[in-house]
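Peer 1: Protein chains in written order, with my numbering: chain A, 1 to 116; chain B, 1001 to 1111.
Here it is as structure tokens:
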């Protein structure tokens, strides 16, 4: 199992450009999450998904969009990049189901994004 | 709003000693609390989970306590080693698995 795989590892964008951060997991987990991590700050939840076709906003969704067409993939889209979106982005998944309300998250190794 | 506080200063300790990290939370009644380890340039890795009805949880050299009255969790690493040097994140969670993460505490273990 590769676990949670994120691509690219690094990216530099100009203001106003768009890009998609890719996330895929091979563990058949139904829940998937996108977090951003800024220096000295905790992980902030951007969007999450409880299964294919279902997504919901987290704490800081503005400027981002997601889709979940398959169980494995959960891409994060930035439409008009802004300097405030400079951050490290982490994707995570968990096999949470109705019987297990607090299972651990499995994280990818992140995408470091700089917007200039 | 919900607030998670972890030691903002790095914790420097000598090899072999016990490291104790603190996680305090306010405006919050988590049903459980998770601890993660994060190495530079890597994603967080799950270490331990403790539920609200558990006072203490152990795993090898790790021990976690959870005091819902004090709204605090303590994370202990006994017989610490340089390889334990990392950032440790606490994440209280409510039902539905929407975790809220603290900013983390940097632990440095010197030989």
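Don't be surprised by glycine CBs; every beta carbon is placed ideally from N, CA and C.
1. I'd like the list of long-range same chain contacts for residue 66 of chain A, defined as Cβ closer than 6 Å, with 5 residues on each side in sequence excluded.
2. Under 8 Å, with one C-beta from each stretch per pair, do the region 30-43 of chain A and the region 81-94 of chain A reach the 3-pair mark?
3. So, are the CB atoms of residue 18 of chain A and residue 78 of chain A less than 7 Å apart?
4. Within 10 Å of its beta-carbon, does residue 15 of chain A have 16 or more other beta-carbons around it, so buried, or fewer, so exposed?
5. Closer than 7 Å, CB to CB, is residue 107 of chain A near chain B or not?
6. Quick check: is the beta carbon of residue 113 of chain A nearer than 7 Å to any beta carbon in chain B?
7. Would you mind giving the Cβ-Cβ distance between residue 1046 of chain B and residue 1036 of chain B, rounded to the nearest angstrom? I have them listed as a contact below 8 Å.
8. Just how far apart, CA to CA, sit residue 43 of chain A and residue 1016 of chain B?
9. Would residue 1079 of chain B and residue 1061 of chain B be called neighbours here (beta carbons separated by less than 7 Å)?
10. What in chain B is Cβ-close to residue 90 of chain A, meaning under 9 Å?
Peer 2: In terms of the structure at hand:
1. Closer than 6 Å at the Cβ level, and outside the excluded window around residue 66 of chain A, lie 47, 55 and 76.
2. Judged by pairs of C-beta atoms under 8 Å, the region 30-43 of chain A touches the region 81-94 of chain A, as three or more such pairs exist.
3. Contact flag set, yes.
4. With a threshold of 16 other beta carbon atoms within 10 Å, residue 15 of chain A falls short and is exposed.
5. Chain B contact via Cβ: present.
6. No, residue 113 of chain A does not count as interfacial toward chain B.
7. About 6 Å separates the CB atoms of residue 1046 of chain B and residue 1036 of chain B; that is less than 8 Å, so the two are in contact.
8. Rounded to whole angstroms, residue 43 of chain A to residue 1016 of chain B spans 30 Å at the Cα level.
9. Result yes, Cβ atoms of residue 1079 of chain B and residue 1061 of chain B sit closer than 7 Å.
10. The answer, in chain order, is 1043 and 1044.
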